[in-house]
Structure formats: structure tokens, C-alpha cells
Amino acid sequence: MSLPGLWRGEAPLLLASTSPTRRALLAAAAIPHDTEAPGVDERALEAELGRPDPARLAAALAGAKALAVSRRHPARLVLGADQVLDLDGAVFCKAENRDEAHAQLARLAGRSHRLHAAFALARAGGIVAAGAGTATLTLRPLGEAAIASYLAAAGEAPMRSVGGYEIEGLGLHLMERVEGEHTTILGLPMLPLLAALRDLGALAP
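If you count by the working numbering, then the sequence shown holds residues 14 to 218, one letter each, in order.
What follows is the structure, given as C-alpha cells:
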């Protein structure tokens, strides 16, 4: 039995992530969803792929997460997503502590970097649709004191996102220029995702 509203799936979308930001994006688009952690070792997969280019890495991670959960729930439509920060080909991981966040911000200050966000939709252990988006962000020049002041004010946020900032919060103060679709920056490119869901018949046309 279909759920009311725009959603036409037999069951809610199954998000292979526990990200509050991705959950909020789906909720804002009135897409009912459940969540399940995929249990994918991202660093191991990155090593297995032989350090591919950042956009390809994001797509591979999204697909791996979708497939991992789909194999456990073959009847459900599963969404996997990932985002990779690309600074001239160098990939950033989330900072584990404030010192690492400080170092990342120091590298990004005064420079442009790209955020590659990818998604994959899986059913019955196979990928049925995929898509991606890229945004370019430029941080303003930041001295050591400015970075320290931001980190002191931002609490735990710098350790929740690659690059040491959350643009939806105090990280916006660090920006000089932002080019790209907002949901791509937040880690889930919603416009191509919605198009894919419509093509699959999971959303009303």
C-alpha cells in the first residue's frame, strides 16, 4: 500500500546513513525514510580502489553503502550517499580532533576546493540509479588567530564535516565565495536524486 503524498513507494526509502543533515534534506522534500548504518570501511575501500580521482571515489563510496544495506533488505529501495572534499586532487577526511581541524582549515584558507557529492539507489542487491553534483567553495584568507577563534566558537561542528566547517552553521563565516547547489554542498544532491526517484516511479511525476 502506497504512502500518501508524493511518495509512491511500497515502503519508505531506506537511507544507508545516519547523517542528520541527509535525513533533514529528505524530510524537507517530504520523502518518508528509514535509516540504517551501512557498515562500510571507507578508508579500506579507498585503498582498494587505488586512490581514484575524488569524484569517482565519492560515487564508489555511495554505491558501496547502498549495496551493503540493499543486500540486507533486498525488497527495499536503498539510498547511499557520500561526499568527498577535493583540494587540487588531495582528498580530505573528517578531522579527528581540533588540531586536525585547525590544520585542514589552514590548508584551505585563501584557496578554492571542490565538494563532490554522489548518490546511488539500489534494490535487490543491484544499483538501479546514480547521480552526482559538484560545488566549488573558496575560503577567505585566515590567519592562525581567526582559525582558533572559529574553532573555539564552533564546538564539535568542525569534527563532523570534512574540511573543519559546516557551511549551514558558523562555517559560513569562513567563506569568501560559494558556487554550486546548496544540497550538493550539504552532501546529498537533491535535484538529480528527485529526478531519479521520479524515473523509478517512486515519486509522483
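A virtual CB, placed ideally from N, CA and C, is assigned to each residue, including glycine.
| Query | Result |
| --- | --- |
| C-beta contact flag for E192 and P202 at 8 angstroms | no |
| Alpha helix (DSSP H) segments (min. 4 residues) lying fully within the stretch 162-208 | 195-199 |
| Whether K78 touches P45 by CB criterion (8 angstroms) | no |
| Integer-rounded CB distance, given that D66 should sit under 8 angstroms from A142 | About 22 angstroms; that fails the 8 angstroms criterion. |
| Rounded C-alpha distance that separates A165 from L199 | 22 angstroms |
| Span of the alpha helix (DSSP H), counted from its first residue to its last, around D99 | D99 -> not in any alpha helix (DSSP H); beta strand (DSSP E) instead, spanning V91 to L100. |
| Segment contact, 8 angstroms Cβ cut-off, at least three pairs: the stretch 51-64 with the stretch 108-121 | no |
| Buried/exposed call for P218, threshold 16 Cβ in 10 Å | exposed |
| Proximity winner among A161, A43 and R173, relative to E109 (alpha-carbon distances) | R173 |
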